[in-house]
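Each remark here refers to the structure printed beneath this line.
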Amino acid sequence: MPTEIVQIALFTTLAALAATVVMLPPGIALAWVLARHRFRGKSVVETLASLPLVMPPVATGLLLLWLVGRRGPIGKMLAPFGIEIVFTPAAVVLAMAVMGLPLLVRTARAGFEQVTKRYEQMAETLGARPWRVFTTVTLPLASRNILAGALLGFTRALGEFGATIVVAGSIPGRTRTLAVGIYTYTETGQDARAAALLAVSVTLAFGATLIANRLAHVD
Amino acid sequence: MARLRQGFRLRAGRYDGQAGGQAGATADGAARFELRFSLTQGVFTVAADLEFTARAVALFGPSGSGKTTILEAIAGLRAPQHGRIAVRGRVLCDTATHTSVPVRDRHVGYVPQDVLLFPHLDVRKNVTYAQERRATVDVPNLDHLLGLTTLMDRRVSGLSGGERQRVALARALYSGPDVLLLDEPLAAVDLARRRLILDVLTAIRDDLQVPLVYVTHSPEEARAIADYAIVLDEGKVVAAGAPGDVLP
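Residue numbers (the working numbering), protein chains in the order written: chain A, 1 to 219; chain B, 1001 to 1248.
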């Protein structure tokens, strides 16, 4: 297999893994808040959290470009530290994390909703403070769903295209991912390379989805 | 069982450093209870207006009479709209002064009817969950009393009804509670094992001197364990006093 293909496959897998790590803390927090709390504006938060699922990914990419671009609100804050995101591997991770987050939140939320509150109450009667209740009871009991959600987010990240190409481009050896690579190679008539990337994509997605489904269905 | 009783008698009284020395507890381990509250949930109201001293209180009544609600009010899992709850001289809640001690600071050992052992932890981790164990808890004694030594490394999913009950009792007692709240502790235990659990509860009451609040709809059980009984019906206290006088 040409080194370029190997590099793209490795880069995409690592970026998707990094994106999964990045999306886990906010994803778990958001899922827990949505599962366990009622507050004003909850439906707005719920809708915002699902938006990347229904919006055209290219539009999400454009939004990210505005936010983290040199003149965007987040880009401006990072600029003094010499941090630039657009068209870097970090932009790939960001796009993947944003696109994968809704899947993680939905699956993890269902997990938190399934955890019987009475287990948490038992922990409280045994003197546990809220953080201990969360880390020793709630989180472990929801862990199967969280893991399944993380895997779904990871698979979504692996296949990310629209947002990635807008905010990270398709720079060979730097930001080119599987999906973007397939598109670029097909566009430029490099069919063999496109086919090789396709095979890698199918294999990775198949494996990850299989594991995610097993996690979701086994008791 | 004989071994269990005998072994336990040798260690009797070790617990009274906590029980006897505390305000609201007498030398024989009896505790002062103040249950004067009303708690409404939807269309159902549970109300009590009682003050008494007891080593073991039976809450007796048919299903839906409010027994569990009273336990949960003492544990702090439900909040009365009006009134005051105090156990062993310690006010747990008082709506007049807007006092409500958080669940985690109430020092109650609660064993619900479905015991609710943490399914993801083994027996040992369940039992030792209460980290901030109070110094007065005599762990070897407890393990012996409840016959835990052989259970410690088991998964909770493989335990029988009686074993689950013992593990749940241990988990509650390891926290060094001021009072033990038991919701139908014999409901999921087969007939042959009921006597064993009752003996364990008697030992907890007499030797560990932890006062019990015991929910049951069996007058025999109530008589066997309690020295004070509260008879409930549709959320109201219809009788309270010595079990021999008030139980059917």
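Built from N, CA and C at the ideal position, the CB exists for glycine as well.
Original post:
Is the beta carbon of Leu1059 (chain B) less than 8 Å from the beta carbon of Val1111 (chain B)?
Top reply: Position 59 of the second sequence, counting from 1, holds the residue named residue 1059 (chain B). Position 111 of the second sequence, counting from 1, holds the residue named residue 1111 (chain B). No. Outside cutoff.
Subject >> Contact with chain B by Gly297 (chain A), beta-carbon distance below 8 Å >> reply: Because residue 297 (chain A) is not part of the residues shown, which for chain A are 1 to 219, the question remains open.
Original post:
Rounded to a whole number of angstroms, what is the C-alpha to C-alpha distance between Val1123 (chain B) and Leu1117 (chain B)?
Top reply: Position 123 of the second sequence, counted from the start, is the residue given in the question as residue 1123 (chain B). Position 117 of the second sequence, counted from the start, is the residue given in the question as residue 1117 (chain B). Those two C-alpha atoms are separated by around 8 Å.
Original post:
Tell me the DSSP bridge mates of Ser1100 (chain B)?
Top reply: Taking the first residue of the second sequence as 1, we reach residue 1100 (chain B) at position 100. Bridge partners of Ser1100 (chain B) according to DSSP: B:Cys1093.
Original post:
Just to confirm, are Val58 (chain A) and Leu94 (chain A) a CB contact at a threshold of 8 Å?
Top reply: Residue mapping note: residue 58 (chain A) aligns to position 58 of the first sequence, counting from 1. Residue mapping note: residue 94 (chain A) aligns to position 94 of the first sequence, counting from 1. With contacts defined as CB atoms closer than 8 Å, Val58 (chain A) and Leu94 (chain A) fail to qualify as a contacting pair.
Original post:
On the premise that Leu104 (chain A) lies in contact with Gly149 (chain A), defined as a C-beta separation below 8 Å, what is that separation, rounded to the nearest angstrom?
Top reply: Along the first sequence, one-based indexing puts residue 149 (chain A) at 149. Along the first sequence, one-based indexing puts residue 104 (chain A) at 104. With 8 Å as the limit, Gly149 (chain A) and Leu104 (chain A) qualify as a contact, their Cβ atoms being about 4 Å apart.
Original post:
Given that a residue counts as buried once 16 or more other Cβ atoms are within 10 Å of its Cβ, and exposed if not, what is Thr164 (chain A)?
Top reply: Residue numbering aside, residue 164 (chain A) sits at position 164 when the first sequence is read from its first letter. Within a 10 Å sphere around the beta-carbon of Thr164 (chain A) sit 16 or more other beta-carbons, which makes this residue buried.
**OP:** May I have a chain-ordered list of the alpha helix (DSSP H) segments no shorter than 4 residues that lie completely inside the segment 1046 to 1084 of chain B?
**Re:** Listed in chain order, they are 1067 to 1075.
Original post:
Would DSSP call Leu48 (chain A) helix, strand or coil?
Top reply: One-based indexing of the first sequence puts residue 48 (chain A) at position 48. Note: Leu48 (chain A) maps to helix in three-state DSSP.
Original post:
Does the segment 1158 to 1170 of chain B come within contact of the segment 1099 to 1107 of chain B, defined as at least 3 CB pairs closer than 8 Å?
Top reply: The segment 1158 to 1170 of chain B, when compared against the segment 1099 to 1107 of chain B, does not touch it at the 8 Å Cβ threshold.
Subject >> Segment contact flag, the segment 96 to 115 of chain A with the segment 16 to 34 of chain A, C-beta cutoff 8 Å, min 3 pairs >> reply: Enough Cβ pairs lie closer than 8 Å, so yes.
Subject >> CA-to-CA distance, Thr20 (chain A) to Met99 (chain A), given in whole angstroms >> reply: As a working mapping, residue 99 (chain A) is identified with position 99 in the first sequence. As a working mapping, residue 20 (chain A) is identified with position 20 in the first sequence. Each residue's Cα considered, the two are about 10 Å apart.
Original post:
Using the rule of at least 16 other Cβ atoms within 10 Å of the residue's Cβ for burial, across every protein chain shown, is Val1238 (chain B) buried or exposed?
Top reply: Within the second sequence, residue 1238 (chain B) is the residue found at index 238, counting from 1. Answer is exposed; the Cβ neighbour count stays below 16.
Subject >> Reference Thr3 (chain A); option with closest CA among A:Ala199, A:Leu198 and A:Arg193 >> reply: Taking the first residue of the first sequence as 1, we reach residue 3 (chain A) at position 3. Among A:Ala199, A:Leu198 and A:Arg193, the Cα nearest to that of Thr3 (chain A) belongs to A:Arg193.
Original post:
Do the CB positions of Phe161 (chain A) and Leu17 (chain A) come within less than 8 Å of each other?
Top reply: Along the first sequence, read from residue 1 onward, the residue named residue 161 (chain A) stands at position 161. Along the first sequence, read from residue 1 onward, the residue named residue 17 (chain A) stands at position 17. Not in contact: Phe161 (chain A) and Leu17 (chain A) (Cβ atoms no closer than 8 Å).
Original post:
Per DSSP, which one or two residues make a beta bridge with Glu1034 (chain B)?
Top reply: Residue 1034 (chain B) sits at position 34 when you count from the first residue of the second sequence. Paired residue(s): B:Glu1051 and B:Ala1086.
Original post:
For Arg156 (chain A), which of A:Ile211, A:Phe134, A:Thr177 and A:Met96 has the nearest alpha-carbon?
Top reply: Within the first sequence, residue 156 (chain A) is the residue found at index 156, counting from 1. Checked all of A:Ile211, A:Phe134, A:Thr177 and A:Met96; the closest Cα to Arg156 (chain A) is A:Met96.
Original post:
chain B beta carbons: is any one of them nearer than 8 Å to that of Val115 (chain A)?
Top reply: Locating residue 115 (chain A) in the first sequence gives position 115, counting from the first residue. At a cut-off of 8 Å between C-beta atoms, Val115 (chain A) does not count as an interface residue with respect to chain B.
Original post:
With a CB to CB cut of under 8 Å and the five nearest residues on each side skipped, what residues in its chain are close to Glu1234 (chain B)?
Top reply: Counting from one through the second sequence, the residue named residue 1234 (chain B) turns up at place 234. Within its own chain, the residues whose Cβ lies closer than 8 Å to the Cβ of Glu1234 (chain B), once the five positions on either side in sequence are excluded, are Gly1064, Ser1065 and Gly1066, listed in chain order.
Original post:
Are Gly1061 (chain B) and His1217 (chain B) touching if we call contact CB-CB under 8 Å?
Top reply: Position 61 of the second sequence holds residue 1061 (chain B). Position 217 of the second sequence holds residue 1217 (chain B). Contact flag set, yes.
**OP:** Using a Cβ cut-off of 7 Å, pull out every chain B residue sitting near Leu141 (chain A), in sequence order please.
**Re:** If you number the first sequence from 1, residue 141 (chain A) lands on position 141. Correct list: His1120.
Subject >> Pairwise C-alpha distance: Thr1053 (chain B) and Val1246 (chain B) >> reply: Position 246 of the second sequence, counted from the first residue, corresponds to residue 1246 (chain B). Position 53 of the second sequence, counted from the first residue, corresponds to residue 1053 (chain B). One C-alpha to the other measures close to 16 Å.
Subject >> Neighbouring residues, chain A, relative to Arg1166 (chain B) (Cβ below 9 Å) >> reply: By one-based count along the second sequence, residue 1166 (chain B) stands at place 166. Listed along the chain, the chain A residues whose CB falls inside 9 Å of the CB of Arg1166 (chain B) amount to none; the nearest CB is some 16 Å away.
Original post:
Just the Cα atoms here: how many angstroms apart are Ala1187 (chain B) and Tyr1174 (chain B)?
Top reply: Your numbering for residue 1187 (chain B) matches position 187 in the second sequence. Your numbering for residue 1174 (chain B) matches position 174 in the second sequence. Answer to the nearest angstrom: the Cα atoms are 23 Å apart.
**OP:** Count the other CB atoms, across all protein chains shown, that sit within 10 Å of the CB of Gln114 (chain A); report buried if there are 16 or more and exposed otherwise.
**Re:** As a first step, residue 114 (chain A) must be located in the first sequence, where it is residue number 114. That one is exposed.
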